[in-house]
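Structure, as structure tokens:
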Amino acid sequence: MLHMIAIGRMKDRVEKDLFNRYADRLSPRLKLTELPEGRGAAGEAKRREGQALLAALPPRAQVVAMDEGGRTYDSLSFARALERWMGLSRPICFLIGGAEGLDGCVIERADETLSLGQMTWPHMLVRGLLAEQLYRARAIATGHPYHRAGRPG
Numbered sequence: 001m002l003h004m005i006a007i008g009r010m011k012d013r014v015e016k017d018l019f020n021r022y023a024d025r026l027s028p029r030l031k032l033t034e035l036p037e038g039r040g041a042a043g044e045a046k047r048r049e050g051q052a053l054l055a056a057l058p059p060r061a062q063v064v065a066m067d068e069g070g071r072t073y074d075s076l077s078f079a080r081a082l083e084r085w086m087g088l089s090r091p092i093c094f095l096i097g098g099a100e101g102l103d104g105c106v107i108e109r110a111d112e113t114l115s116l117g118q119m120t121w122p123h124m125l126v127r128g129l130l131a132e133q134l135y136r137a138r139a140i141a142t143g144h145p146y147h148r149a150g151r152p153g
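In terms of the UniProt record's numbering, the sequence shown is numbered consecutively and its last residue is 153.
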């Protein structure tokens, strides 16, 4: 099972459409759980969001935390990593924090940390970007022609 657990609710139609374009085509299916944003000062909100993310995890989850300090992959390497995680026969849960990022307790619990690069992305947009990369990784693993390796010459 692929599961994305994220802080905040997508309200913008463009963000929802981007996410759904890839999530709806993914196999195994990508489940999305959206949790409320934390209230209070930034540090307190981040702490509450972290607790909510951890509470939403299924038992035995393989946790991949989306973090700017996480590991970066090219698409082929990410496809291999995803296949390795799927081979563990555990639910794979991608955690996306709110505007303040992830609390330290989430990073500590994570089995892996993943970054989409050194640029800062809006946390609502990360859902669509990650869904696309998951779709691409599965396409690579199954030999589907969606991914075109190499650069035009």
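For glycine and all other residues, C-beta sits at the position ideal for the given N, C-alpha and C.
- When C-beta atoms of the segment 129-139 are compared with those of the segment 62-79, three or more pairs fall below 8 Å, so the two segments count as touching.
- A buried status is given to valine 126, since no fewer than 16 other beta-carbon atoms sit within 10 Å of its beta-carbon.
- Note: alanine 65 is bridge-paired with Leu95, Thr113 in the DSSP secondary-structure output.
- Between methionine 4 and leucine 30 a beta carbon distance of about 6 Å is seen, short of the 8 Å cut, so the two are scored as contacting.
- Look at the beta carbons and you see the segment 55-71 touching the segment 114-133: at least three pairs across the two are nearer than 8 Å.
- As the crow flies, the alpha-carbon of arginine 60 is around 22 Å from that of leucine 26.
- In the structure shown, histidine 123 adopts helical secondary structure according to DSSP, grouped into three states.
- At a Cβ-Cβ threshold of 8 Å, alanine 52 and alanine 131 do not count as neighbours.
- Spanning the alpha carbons of alanine 42 and arginine 48 requires a straight line of approximately 10 Å.
- Each residue's CA atom was taken as its position, placing glutamate 44 and threonine 142 some 43 Å apart.
- The alpha carbon of histidine 123 has as its nearest neighbour, out of Asp12, Leu2, Met1, the alpha carbon of Asp12.
- With a beta-carbon spacing of about 6 Å, threonine 33 and alanine 56 fall inside the 8 Å limit used to define contacts.
- Looking at the DSSP output, glutamate 34 bridges to Ala6.
- Our two residues, methionine 1 and proline 145, have alpha carbons roughly 23 Å apart in a direct line.
- Between aspartate 103 and valine 64, the CB-CB gap reaches or exceeds 8 Å.
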